[in-house]
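Residue numbers (the UniProt record's numbering): 1 to 219.
Just so it is clear, CB atoms sit at the ideal spot from N, CA and C, and this is done for glycine as well.
Worksheet: one structure, shown below.
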Ligand SMILES: [Zn+2]
C-alpha cells in the first residue's frame with residue numbers, strides 16, 4: 001500500500017484524526033475530505049482545517065448542506081436536543097444515509113484524484129446504533145462503488161473493531177496521542193480537546209481515555 005494514494009473521510013474528531021495518522025503511515029500520498037452540512041458548530045470545520053494544514057495534508061471541503069433539507073436532527077439543527085437514545089431506537093444524532101452519501105462522494109473524489117484507497121473511522125464496536133457504521137454496510141458499499149465506477153477501490157476501516165480505549169492506544173502507537181488529545185473536537189457543544197465533559201460524545205471519549213490511561217499506567 002505504501003506507494004499508493006488514499007483519501008480520508010475527515011471531520012476533525014478523535015476517530016477520523018486517528019485514521020488520518022494511520023493513512024499517513026500506510027500510504028505514499030494522503031488527502032482529506034470534510035463534508036460541510038451545517039454541523040452544530042462551525043468549530044468542527046475550523047478544527048479539521050487546522051489539523052490538515054498542521055499536518056500538511058491537502059484538504060477538500062465539500063458542501064453537503066442538502067443533508068439539512070432531508071434530515072432535520074440534533075447534529076444539523078440547533079433546536080433539537082441531543083439524546084442518547086430515543087425510546088431504545090436510534091439516537092437523535094442519527095442522520096439517515098449520512099455515511100452512504102459521504103462515502104459515495106469520497107469515492108467520486110477518489111476517482112477524480114486518482115486515489116485507490118478510502119479510509120473512514122466508522123466503528124461497529126462502540127455501540128452507537130448507526131446502521132451505516134456496520135462492517136456489512138461498508139463491504140456492500142465497497143462493492144457498489146467499484147461496480148458503479150469500474151474501479152477497484154478499497155475502503156479501509158481501521159477502527160471498525162476497536163473500542164474507544166483501543167482507539168486511544170492506536171493513536172499512541174502512531175505517535176499521535178498528545179496531538180489527538182489536544183487538537184481534535186468530539187464534543188457536541190463545540191469545545192476542543194477534553195470538551196465540555198457533559199455531552200454524550202465527551203462522556204464516551206473520556207471513558208475510553210481513562211480506560212486507556214489506566215492500561216498505560218500498568219505497563
Ligand atoms: Zn461535550
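State the CB to CB distance for the pair residue 31 and residue 57, rounded to an integer number of angstroms; the pair is presumed to be in contact (CB under 8 Å).
-> 7 Å
Evaluate residue 205 with the Cβ neighbour count: other Cβ atoms within 10 Å of its Cβ, from every protein chain shown; 16 or more gives buried, anything less gives exposed.
-> buried
So which of 166, 100, 167 and 171 has the shortest CA-CA distance to residue 136?
-> 100
Kindly indicate the opening and closing residues of the beta strand (DSSP E) around residue 63.
-> 58-63
When the Cα atoms are used, what is the spatial distance from residue 150 to residue 8?
-> 21 Å
Determine which residues share a DSSP beta bridge with residue 32 and list them.
-> 8 and 59
Quick one, which of 179, 163 and 218 has its alpha-carbon nearest residue 125's?
-> 163
Just the residues with CB closer than 7 Å to a heavy atom of ligand 1, in chain order, which are they?
-> 187, 188, 189, 191, 195, 196, 197, 198, 199, 201 and 202
Is the segment 136-145 touching the segment 181-192, taking contact as three or more C-beta pairs under 8 Å?
-> no
Give the straight-line distance between the Cα atoms of residue 95 and residue 146, rounded to the nearest whole angstrom.
-> 25 Å
If you draw a straight line from the C-alpha of residue 197 to the C-alpha of residue 190, how long is it?
-> 11 Å
Residues in its own chain within less than 6 Å of residue 34 by CB, not counting five upstream and five downstream?
-> 10, 48 and 61
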